[in-house]
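A.B. asks: Taken in sequence, the protein lines are chains W and R.
Offset between the first sequence (1-based) and our numbering: plus 759.
Offset between the second sequence (1-based) and our numbering: plus 759.
Okay, here's the structure, questions in a sec.
Protein chains: 2
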Amino acid sequence: MTASSDDSEPLGQIRLYCAAHANCCDRVRWSLDYKRVSYALVDLDQPHDAAHFASISPFGRIPVIEIEGIALTESMAIVELLEELHPSPPLNASDPTTRARVREVYETVNSSIHPVQNGGVVRHFRPELSGPEVRQVRADWIASNLLKVESWLWLNTGFAIGSSFSLPDIFVAAIFQKGLSLGINPPNFQALPSIGHS
Amino acid sequence: MTASSDDSEPLGQIRLYCAAHANCCDRVRWSLDYKRVSYALVDLDQPHDAAHFASISPFGRIPVIEIEGIALTESMAIVELLEELHPSPPLNASDPTTRARVREVYETVNSSIHPVQNGGVVRHFRPELSGPEVRQVRADWIASNLLKVESWLWLNTGFAIGSSFSLPDIFVAAIFQKGLSLGINPPNFQALPSIGHS
Chain W
760 MTASSDDSEP LGQIRLYCAA HANCCDRVRW SLDYKRVSYA LVDLDQPHDA AHFASISPFG
820 RIPVIEIEGI ALTESMAIVE LLEELHPSPP LNASDPTTRA RVREVYETVN SSIHPVQNGG
880 VVRHFRPELS GPEVRQVRAD WIASNLLKVE SWLWLNTGFA IGSSFSLPDI FVAAIFQKGL
940 SLGINPPNFQ ALPSIGHS
Chain R
760 MTASSDDSEP LGQIRLYCAA HANCCDRVRW SLDYKRVSYA LVDLDQPHDA AHFASISPFG
820 RIPVIEIEGI ALTESMAIVE LLEELHPSPP LNASDPTTRA RVREVYETVN SSIHPVQNGG
880 VVRHFRPELS GPEVRQVRAD WIASNLLKVE SWLWLNTGFA IGSSFSLPDI FVAAIFQKGL
940 SLGINPPNFQ ALPSIGHS
């Protein structure tokens, strides 16, 4: 499936391997779409070349992007590469300290909030839990941690960090959307519901 | 305490807040030392200005660095900022795709291996475990995941990625050192023991 088109794309065909309901995948898709970079989307929930996917993602991780002759995992590595190859429109700030704040926030989502709410991680630690119990554990973790992070964000502008749209707007919205799907309560948050429903 | 000195340091006093045995802190200290950037080290296991630390790290997270007039958490955001402010000697590659590989590997350590072995996370999920049981759970997670990552690294050179020393050498060595302290068995690994003991 082709997700978006851009005749100016100079890099040859980009291929992105994703699954539905994976907020790590949403981060990359939304970044590609914001930058109007064309790509072919391989939905792993649909029939696909499983042998090829296994060859480029030996541990079965998603998202994976094929770009510039390599296959790359880790959403933050992917979006940083996209920022280097397609700097306009930017998804990071132009000055070093604001850029550091951008990375601080998206990394908090990626390494402090996301891994512990991952369904596989919850089941690794608590294999006795039922499906609804796993969902509740995940929702509680996302909600309590997003409440902390929210105090850093949307302080003076309509953007998560600084004065323009950037990667934290995407990373925070993606995990908030995941939280909503797991049942977190939007009125508990001040600024997040407006982005989560936009 | 002053950890290292460099008379050419142009940025004023950098202050790094760390605790012993925190491999996230080791990543930043080793990066600063490799780049010969001077900094004052605040050891949070020793008497310190707790009110000031609470003001710059409202969630109590470490490491925190005071640099360029801001206080910044998240080791990856810190080391990326150091790379921008102090590019020589480099801790990342000069070409985009190798730089993406560097980020892919250090992010795998930071967001896939580290959070799940974190003592607080293990106790969050399994509060009934004894201290030695927590250590075993942590060691098992580090060992099984490092075995996967090791297959990506030290493929053709004496460096984790590419042809020079870079952030993955530091991030992987720090988590391997943590694993050793928790009792993982070095002979189970091919390349790691040589860096872990160097």
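Ideal Cβ positions, reconstructed from N, Cα and C, are used throughout, including at glycine.
1. Roughly how many whole angstroms lie between the Cα atoms of Leu888/W and Val861/W?
2. Touch check for the stretch 797 to 811 of chain R and the stretch 848 to 860 of chain R: three-plus C-beta pairs under 8 Å?
3. Tell me which residue opens and which closes the alpha helix (DSSP H) that Arg999/W is part of.
4. Which whole-angstrom value is the C-beta distance of Ile824/R and Val787/R, which I expect to be below 8 Å?
5. Using a Cβ-Cβ cut-off of less than 7 Å, give me the residues of the stretch 896 to 918 of chain R that come near chain W, in sequence order.
6. Are the stretch 837 to 850 of chain W and the stretch 867 to 883 of chain W touching by the rule of at least three beta carbon pairs closer than 8 Å?
7. Under a CB-based cut-off of 8 Å, is Ser870/R close to chain W?
8. For Ser925/R versus Phe918/R, is the C-beta spacing smaller than 8 Å?
9. If I'm right that Gly938/W touches Ile901/W with Cβ under 8 Å, what's the distance once you round it to whole angstroms?
10. Have a look at Ala933/R, Ala778/R and Glu827/R and flag the residue whose alpha-carbon is nearest the alpha-carbon of Gln805/R.
11. Within this structure, are the beta carbons of Phe935/W and Leu912/W separated by less than 8 Å?
12. In its own chain, which residues sit with a C-beta less than 7 Å from the C-beta of Ser957/W, not counting the 5 before and 5 after it?
13. Alpha carbon to alpha carbon, what distance is there between His780/R and Leu841/R?
14. What does Leu844/W touch in chain R if you count any residue whose Cβ is under 8 Å from its own?
15. Can you tell me where the beta strand (DSSP E) with Ile829/W in it begins and where it stops?
16. Start and end of the beta strand (DSSP E) containing Val823/R?
17. Glu866/W and Glu833/R look like a contact to me (Cβ under 8 Å); what is the Cβ gap, rounded to whole Å?
18. Going along chain W, which residues have a C-beta under 8 Å from Phe924/R?
19. Please go through the same chain and pick out, in chain order, the residues whose beta-carbon is closer than 7 Å to the beta-carbon of Cys784/R, but skip the five residues on each side of it.
20. Does the distance from the CB of Pro927/W to the CB of Val864/W come in under 8 Å?
21. How is the alpha helix (DSSP H) around Val893/W delimited, first residue to last?
22. Select from Asn915/W, Phe948/W, Arg882/W and Ile943/W the residue whose C-alpha is nearest the C-alpha of Lys907/W.
23. Taking Cβ positions, are Arg882/R and Leu941/R nearer each other than 8 Å?
24. Are Leu775/W and Leu800/W closer than 8 Å when you measure CB to CB?
25. In terms of residue numbering, what span does the alpha helix (DSSP H) encompassing Asp802/R cover?
26. Would you list the one or two residues that DSSP bridges to Tyr776/W?
27. Under DSSP, the alpha helix (DSSP H) around Thr856/W begins and ends at which residues?
28. Whole-angstrom Cβ separation of Leu850/R and Ser790/R, contact assumed at under 8 Å?
29. Are the beta-carbon atoms of Pro874/R and Pro848/W separated by less than 8 Å?
30. For Gln772/R, count the other beta carbons within 10 Å of its own beta carbon; 16 or more makes it buried, fewer makes it exposed. Which is it?
31. How would you label Ala813/R, buried or exposed, when you count the other beta carbons within 10 angstroms and need 16 or more for buried?
32. Since Ile815/W meets chain R, which of its residues come closer than 7 Å, beta carbon to beta carbon?
33. Where does Asn944/R land, buried or exposed, given buried means 16+ other C-beta within 10 angstroms?
C.D. replies: The short version:
1. Whole-angstrom Cα-Cα distance: 36 Å.
2. The way I'd put it, the stretch 797 to 811 of chain R doesn't touch the stretch 848 to 860 of chain R; fewer than three beta-carbon pairs between them come closer than 8 Å.
3. Missing from the structure shown is residue 999/W; chain W here goes from 760 to 957 and no further.
4. At roughly 7 Å, the Cβ-Cβ gap stays under 8 Å, so Ile824/R and Val787/R are in contact.
5. Result list: Lys907.
6. Contact between the stretch 837 to 850 of chain W and the stretch 867 to 883 of chain W is absent, because fewer than three Cβ pairs lie under 8 Å.
7. It does; some Cβ of chain W falls within 8 Å.
8. Yes, Cβ-Cβ distance for Ser925/R and Phe918/R is below 8 Å.
9. The Cβ separation is near 4 Å, so the contact holds.
10. Measuring from the Cα of Gln805/R, the nearest candidate turns out to be Ala778/R.
11. No, Cβ-Cβ distance for Phe935/W and Leu912/W is not below 8 Å.
12. The predicted model places Ser957/W with a pLDDT of 42, which falls under 50 and marks its position as unreliable; any figure quoted below should be read in that light. Exclusion of the five residues before and after Ser957/W leaves no residue of its chain whose Cβ lies closer than 7 Å to its Cβ.
13. Leu841/R and His780/R have their alpha carbons spaced roughly 22 Å apart.
14. Within 8 Å Cβ-Cβ: Pro855.
15. Judged by DSSP secondary structure, Ile829/W falls within the beta strand (DSSP E) whose first and last residues are Ile829 to Thr832.
16. Val823 to Ile826 is the extent of the beta strand (DSSP E) around Val823/R.
17. In this structure Glu866/W is in contact with Glu833/R, their Cβ atoms being roughly 4 Å apart against a cut-off of 8 Å.
18. Here the premise fails: no neighbours, minimum Cβ distance about 19 Å.
19. Hits under 7 Å: Cys777, Ala778, Ile821 and Pro822.
20. Taking the C-beta atoms as reference points, Val864/W is found nearer than 8 Å to Pro927/W.
21. Val893/W -> alpha helix (DSSP H) spans Gly890 to Glu909.
22. Ranking Asn915/W, Phe948/W, Arg882/W and Ile943/W by Cα distance to Lys907/W puts Phe948/W first.
23. No.
24. Yes. Within cutoff.
25. In the DSSP assignment, Asp802/R falls outside any alpha helix (DSSP H) and lies within the beta strand (DSSP E) extending over Tyr798 to Asp802.
26. Its beta-bridge partners are Val801/W and Val823/W.
27. Per DSSP, Thr856/W belongs to the alpha helix (DSSP H) from Pro855 to Glu866.
28. A Cβ-Cβ distance of about 6 Å is found for the pair Leu850/R and Ser790/R, placing them in contact under the 8 Å criterion.
29. The criterion of a C-beta distance shorter than 8 Å is not satisfied by Pro874/R and Pro848/W.
30. Burial check for Gln772/R: the Cβ neighbour count within 10 Å stays below 16, so the residue is exposed.
31. Ala813/R comes out exposed.
32. Going along chain R, no residue has its Cβ under 7 Å from Ile815/W, so there is no contact; the nearest lies around 12 Å.
33. It is exposed - the Cβ of Asn944/R has fewer than 16 other Cβ atoms within 10 Å.
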